[in-house]
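**Q** This structure is in structure tokens; I'll ask about it shortly.
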Amino acid sequence: MTHTSSSGTVRKGGTAKRNGRGLTGLLLVSAPVALLGWLIIYPIFNAVARTLFTAGDEGLHFSLDTYQRFFTDGYALNNLWLTLWVTAVCAACLMAICLPLALYLRFAKSRVAAVVQGLALFPMFVPSVILAYALIRTIGPNGGVDLVLNAVGLPKINSPYLTPWGPVIGLVWDNIPLTTLMLVAGLGGVSDNAVEAARDAGARRFALLRYIILPQIGNAMLVVLSFTVLGIFSAFTLPYVLGPASPEMMGPFMQRTFSQLSDSRMAVTQAVITFAICACFGAFYVRSIAKNREARR
Amino acid sequence: MTTADLTLAARQEPTVPTRKTKRIDWLGLAITLALGIVVVVPLVVVAIWAFAEVWRYPSILPQEFGLRFWEATLSRPDVWQAMSLSIRLSLTVTLLSAVICLPAAYAFARLDFPGRNLLFLSFLASHAFPKFGLLVAIASIFLNLGLVSTFWGVVLIQLVGTLMMMIWIPVAAFQNVDRAMEEAARDAGAGPLRVFWSVSLPQAAPTIGAAVLLSFVGTFYETEGAWLIGAPEIRTMPVLMITFINNQIVVQYGAVLSVLLWVPSFFALMFSRRLVGSSSFAKGFGV
Amino acid sequence: MAQLSLKNIGKSFDGTDVIRDVSLDVADGELVCLLGPSGSGKSTILRMVGGFETPDRGSILIDGQDVTLILPEKRPTGMVFQSHALWSHMSVADNVAFGLKLRRMPRREIQAKVADALGLVGLKDYGTRRVWQLSGGQQQRVAIARALVLEPKILLLDEPFASLDQHLREHLREELRDIQRRLGITTLFVTHGQDEALALADRIVVLQQGDLEQVASPDRMYRAPETRFVAGFIGSMNFLACDMRHGRADHPLFPVEAPVADGPVELAIRPEALTVAPARAPQAKVHRTTDYGSHLLVDIDLADGTRVKAMCPPSARFAAGDGVTLTADRVTLFRGQKKLAEVSPRPARELSHA
């Protein structure tokens, strides 16, 4: 473990006392840090190591066999494509829905805004299982929407249930609160005065957005995008319940490989592949957290 | 040099006939309507199903309402087992998480020790991995340790899920406590532990309480880890729901369970909305 | 009854000296103001006395007993913070009673002491209120009561009135002065407002960049500043640069004589020490006048372009552009930071403002 000395105060004299406090601090954080090390950092390295090295006759040797199997298996590749497609569509939809919502929440001053905020936060408190069930009952075959359409004499909808659109709808629904919240927080960095000054200079709504607001929240939007992608790419419950059985998204695919096929090495390989694909988003995410913390100090 | 005190005589505003300038927020109302339909309707449909005894297509409302399926659902032993298991699990996880994380959060917020920033950053960075992939990696380790399909295996995996939130929200809460308040207590004769109990903790309590509540509800609804590690022995409430949905036994079972399960989240909504709505909550995710 | 001594205190943060070498004795019952610009180290000294910082060098003695390494909770000091730092989860009475409860005092006695302390600051019936129900001034009074109820040997106040508005500030400092007198408690008061220091203190300590500039009574501090910094920091002061030649300043307006070695000097003259008179052969021109009601402040441009301020009686009538002559009652000569001499160029006239 690396110990970087924090930017705190290092004082001459009283060193013994300071060391004592340092030890207390380390002791207090040791339990969660140990858990973090054991249950997050170790499994990641273990996963990479396990899939790259196999135990042969003469000890460990380097092997890419599971990766080869994954990338030559048409079914696995289809799953990967489906996952990428769903992630991209979800991210696009979320941005399209949440950015206007966040803009409204940031700048609206009416009492309606509180209601909108409540509604936008609401899905955060609906567990995905219940959401999945509710969506089946609503937009599934002969669901609530069909009932209403039928009652007014229109044809039934083409139900998205068990198609790739099922998880898309579910995931977008589920991710609206956090995405909106994060965007609103990002918009907090745009001061009212900056906007008022621009309006004073004659900027209309579109110009405000294009020249004043968007440039200032560009970074926040990228963070939100990374966060969303990381969440959706390896989603499990909603794709499992709402999505198609074949091809399936990476989440259910990994689960099936692990539990039903009992091929834990292959399942871990799939996990490592999702890590690799998400790595750039993850790296960007970590970098901007670190930068933000630096700036706030 | 003293500055002169300028007293501005209060000017009498000339009386102008006032016109109502308050405009109706049409945009807001439109958004409310759209969100309302998208967010509320699916849940309303489920609620209707829970009280429907007969609902055949294409009637727009059930033919018969009643509580028959409530009795049927609640008399199933697997529902009660899952319920008690879920509550025990969530309590255990939340309690453990609080015991482990709150002192750590205090240390991160107030004490100075080597590696503080790096360690704290690594907690925040644990979001940077796709969660289910991580769960699979953990599960493969648990497989070798014999923790799969055990109570404590599920506890551990759900504990990981709560770590993040139970660290950074309390850290923010402790950092928001005015340092002078703590120093004033020292000055009045309180030792460091007493200061923590009598000042820091009560001051941070509302926010920490909300974080604990969110952890509890989050753990109660946690599906993925419970499903992956717990199956087939440990069946929590959400896992049971999934089986009901998959096996399509009786539609109403799922509906009744949904309505039941929604009760705790309603409380979470009530008590933690201020925390969740605050910008510091979203900032914890890295914006 | 307590006496406080700081002996050669030094403190540095991150390698820079915040306090260089400070020694100070505060007598029993004395109220000493630490005054200085931000970053001068005044708060650090106070916090070291309170025990919240440990000096790197030197020692702190209360009644002759070394308390340098004693933790704040064990020190006989009571502190009032700038942000009042009241515990918002407790009632007013609980705030005041907290320290007494820690001392395991009987309930009855606590109640009596809390009532006394609240009465002392004029908040007798406010015990059951919540902290946020009080106004800013009331909150700061509670903070004072909370510090006093423990009967500390030394009362420490860290810019306690800085966040209050002007009127309230003046009112509260008078109250504080009365309380301090009545209790005879040794007090250390940090402020960056010179008027506060001049109004409150028995003695003022002016600090700059971690060094003591001057320790003196308010009137000495104002009338006889020992360094150029103090001269400029307390009140307003005109500084005029010139050279000394053979014991005489070569300034055209103020050719003061003083037994000073040749070389550059600065003449320091208070605005009220300047007398302005209309003149036919003007040495200077009025730039602007500002009427403060009690007096008139006249900005005057000298021939060499420097601008000086002069205080005149309110009856004086000057208009911008008027030619005037200036005479000074009292001039202090500085070279660098050092005071060289104090001279009265002519027999001091009795002035109305004296």
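Chains as they are written, first to last, in this note's numbering: chain W, 1 to 297; chain E, 1001 to 1287; chain A, 2001 to 2354. The beta-carbon is built from N, C-alpha and C at its ideal position, and this holds for glycine as well. Please read all numbers here as calculations on a predicted model, not as lab measurements.
Does any residue of chain W have a CB that is nearer than 9 Å to the CB of residue 956 of chain E?
**A** Residue 956 of chain E is absent from the model: chain E starts at 1001 and stops at 1287.
**Q** If we count the other Cβ atoms within 10 Å of its Cβ and call it buried at 16 or more, is residue 3 of chain W buried or exposed?
**A** In the first sequence, counting from the first residue as 1, residue 3 of chain W sits at position 3. Low per-residue confidence applies at residue 3 of chain W: pLDDT is 41, beneath 50, and the placement is therefore not dependable enough to give any value.
**Q** Taking Cβ positions only, does residue 1079 of chain E come closer than 9 Å to chain A?
**A** Along the second sequence, read from residue 1 onward, the residue named residue 1079 of chain E stands at position 79. Judged by the 9 Å Cβ criterion, residue 1079 of chain E is not in contact with chain A.
**Q** Is it the case that the Cβ atoms of residue 281 of chain W and residue 1136 of chain E are separated by a distance below 9 Å?
**A** Here residue 281 of chain W corresponds to residue number 281 of the first sequence, with the count starting at 1. Here residue 1136 of chain E corresponds to residue number 136 of the second sequence, with the count starting at 1. No; because the gap between Cβ atoms is not below 9 Å, this pair is not in contact.
**Q** Only counting the same chain, and skipping five residues up and downstream in sequence, which positions put a Cβ closer than 7 Å to that of residue 2147 of chain A?
**A** Position 147 of the third sequence holds residue 2147 of chain A. The residues are 2078, 2079, 2080 and 2155.
**Q** Look up residue 2032 of chain A in the DSSP assignment and say whether it is helix, strand or coil.
**A** Here residue 2032 of chain A refers to the residue found at position 32 when the third sequence is read from its first residue. Here residue 2032 of chain A sits in strand by DSSP.
**Q** Tell me which residues share the same chain as residue 286 of chain W and place their Cβ nearer than 6 Å to its Cβ, disregarding the 5 neighbours each side in the sequence.
**A** Stepping through the first sequence from its first residue, residue 286 of chain W is reached at position 286. Cβ within range, chain order: n/a, list empty.
**Q** Just to confirm, is the Cβ distance from residue 1042 of chain E to residue 144 of chain W under 9 Å?
**A** As a first step, residue 1042 of chain E must be located in the second sequence, where it is residue number 42. As a first step, residue 144 of chain W must be located in the first sequence, where it is residue number 144. Going by C-beta atoms, residue 1042 of chain E is nearer than 9 Å to residue 144 of chain W.
**Q** Alpha carbons only, please: which of A:2211, A:2205 and A:2209 is nearest the one belonging to residue 2219 of chain A?
**A** If you number the third sequence from 1, residue 2219 of chain A lands on position 219. It is A:2205 whose Cα lies nearest to the Cα of residue 2219 of chain A.
**Q** Does any CB atom of chain E fall closer than 9 Å to the CB of residue 175 of chain W?
**A** Counting from 1 along the first sequence, the entry for residue 175 of chain W is found at position 175. Judged by the 9 Å Cβ criterion, residue 175 of chain W is not in contact with chain E.
**Q** What does DSSP give as the partner residue(s) for residue 2290 of chain A in the beta ladder?
**A** Reading the third sequence from its first residue, position 290 is the one you call residue 2290 of chain A. DSSP lists A:2297 as partners of residue 2290 of chain A.
**Q** Pick helix, strand or coil for residue 193 of chain W, following the three-state DSSP scheme.
**A** For the purposes of this step, residue 193 of chain W is taken as the residue at position 193 of the first sequence. DSSP places residue 193 of chain W in helix when its eight states are reduced to three.
**Q** Are the beta-carbon atoms belonging to residue 33 of chain W and residue 1211 of chain E less than 9 Å from one another?
**A** By one-based count along the first sequence, residue 33 of chain W stands at place 33. By one-based count along the second sequence, residue 1211 of chain E stands at place 211. Cβ atoms of residue 33 of chain W and residue 1211 of chain E: not closer than 9 Å.
**Q** Which residues in the same chain as residue 2047 of chain A place their Cβ atom closer than 8 Å to its Cβ, once the five residues preceding and following it in sequence are excluded?
**A** Counting from 1 along the third sequence, the entry for residue 2047 of chain A is found at position 47. The residues are 2053 and 2158.
**Q** Applying the criterion that 16 or more other CB atoms from any shown protein chain within 10 Å of the CB defines a buried residue, is residue 2246 of chain A buried or exposed?
**A** Position 246 of the third sequence, counted from the start, is the residue given in the question as residue 2246 of chain A. Label assigned to residue 2246 of chain A: exposed.
**Q** Check the Cβ of residue 2083 of chain A against every Cβ in chain E and list those closer than 7 Å, keeping chain order.
**A** Position 83 of the third sequence, counted from the first residue, corresponds to residue 2083 of chain A. Those are 1178 and 1180, listed as they occur along chain E.
**Q** For residue 1267 of chain E, count neighbouring C-beta atoms within 10 Å of its own C-beta (all shown protein chains included) and say buried if the count is 16 or more, exposed if not.
**A** Within the second sequence, numbered from 1, the residue matching residue 1267 of chain E stands at position 267. With fewer than 16 Cβ atoms within 10 Å of its Cβ, residue 1267 of chain E is classed as exposed.
**Q** Quick one: grab the DSSP three-state call for residue 2019 of chain A.
**A** Here residue 2019 of chain A refers to the residue found at position 19 when the third sequence is read from its first residue. In the structure shown, residue 2019 of chain A sits in a strand (DSSP, three-state: E or B).
**Q** Along the segment 2045–2074 of chain A, what residues have a CB closer than 7 Å to any CB found in chain E?
**A** Against chain E - using a Cβ distance shorter than 7 Å - the residues of the segment 2045–2074 of chain A are 2050, 2052, 2072 and 2073.
**Q** Whole alpha helix (DSSP H) runs in the segment 2047–2131 of chain A with 4 or more residues, listed along the chain?
**A** The segment 2047–2131 of chain A contains these whole alpha helix (DSSP H) runs: 2092–2102 and 2107–2120.
**Q** Could you pull the start and end residues of the alpha helix (DSSP H) that residue 158 of chain W belongs to?
**A** To locate residue 158 of chain W, count along the first sequence from 1; it is residue 158. Unbroken run through residue 158 of chain W: none, as it is neither H nor E.
**Q** Can you tell me which of the three DSSP states residue 2165 of chain A falls into?
**A** Counted from its first residue, the third sequence places residue 2165 of chain A at position 165. In the structure shown, residue 2165 of chain A sits in coil (DSSP, three-state: anything other than H, G, I, E or B).
**Q** Going by beta-carbon coordinates alone, are residue 2207 of chain A and residue 2074 of chain A separated by less than 9 Å?
**A** To locate residue 2207 of chain A, count along the third sequence from 1; it is residue 207. To locate residue 2074 of chain A, count along the third sequence from 1; it is residue 74. Contact flag unset, no.
**Q** Suppose the cutoff is 6 Å on Cβ atoms and the five residues either side in sequence are ignored; what does the same chain contact list for residue 240 of chain W look like?
**A** Position 240 of the first sequence, counting from 1, holds the residue named residue 240 of chain W. Contacts found: 252.
**Q** Going by beta carbon distance, what residues of the same chain come within less than 7 Å of residue 2248 of chain A, once the five residues before and after it are set aside?
**A** Working through the third sequence from its first residue, we reach residue 2248 of chain A at position 248. Answer for residue 2248 of chain A: 2255 and 2257, listed in chain order.
**Q** Identify each residue in the segment 1151–1179 of chain E for which the Cβ-Cβ distance to at least one residue of chain W is less than 9 Å, and report them in chain order.
**A** Here the close residues are 1156, 1157, 1159, 1160, 1163, 1166 and 1167.
**Q** Please confirm if residue 1199 of chain E has its CB atom under 9 Å from at least one CB of chain A.
**A** Taking the first residue of the second sequence as position 1, residue 1199 of chain E is located at position 199. Yes, its Cβ sits closer than 9 Å to a Cβ of chain A.
**Q** Is the separation between the beta-carbon of residue 1973 of chain A and that of residue 2114 of chain A shorter than 9 Å?
**A** A question about residue 1973 of chain A goes unanswered here, because the residues of chain A that appear run from 2001 up to 2354.
**Q** Would you mind working out which of A:2293, A:2295, A:2325 and A:2085 sits nearest residue 2280 of chain A, comparing C-alpha positions?
**A** Sequence index remark: in the third sequence, residue 2280 of chain A carries index 280 (1-based). Ranking the options by Cα distance to residue 2280 of chain A, first place goes to A:2325.
**Q** To the nearest angstrom, how far is the alpha carbon of residue 55 of chain W from that of residue 263 of chain W?
**A** By one-based count along the first sequence, residue 55 of chain W stands at place 55. By one-based count along the first sequence, residue 263 of chain W stands at place 263. Going from the Cα of residue 55 of chain W to the Cα of residue 263 of chain W covers about 16 Å.
**Q** Just to make sure I have the definition right: I need the residues of chain E whose C-beta is within less than 7 Å of the C-beta of residue 150 of chain W. Which are they?
**A** Here residue 150 of chain W refers to the residue found at position 150 of the first sequence. Here the neighbours are 1058.
**Q** If you pair each beta-carbon of the segment 111–131 of chain W with each one of the segment 144–164 of chain W, do three or more pairs fall below 8 Å?
**A** No: fewer than three Cβ pairs fall under 8 Å.
**Q** Could you tell me the alpha carbon to alpha carbon distance between residue 2241 of chain A and residue 2251 of chain A, rounded to whole angstroms?
**A** Locating residue 2241 of chain A in the third sequence gives position 241, where the first residue counts as 1. Locating residue 2251 of chain A in the third sequence gives position 251, where the first residue counts as 1. Approximately 8 Å, taken between the alpha carbons.
**Q** For a test of the three-state rule: what should DSSP assign to residue 2256 of chain A, helix, strand or coil?
**A** Against the third sequence, residue 2256 of chain A aligns to sequence position 256. Note: residue 2256 of chain A maps to coil in three-state DSSP.
**Q** Output needed for residue 1082 of chain E: all residues of its chain with C-beta closer than 7 Å, excluding positions within five of it in sequence on either side, in chain order.
**A** Position 82 of the second sequence, counting from 1, holds the residue named residue 1082 of chain E. Excluding residues within five positions, the ones whose Cβ falls inside 7 Å are 1235, 1236, 1237 and 1240.
**Q** Residue 1070 of chain E CB to nearest chain W CB: under 9 Å?
**A** As a working note, residue 1070 of chain E is residue 70 in the second sequence. By this cut-off, residue 1070 of chain E is not an interface position.
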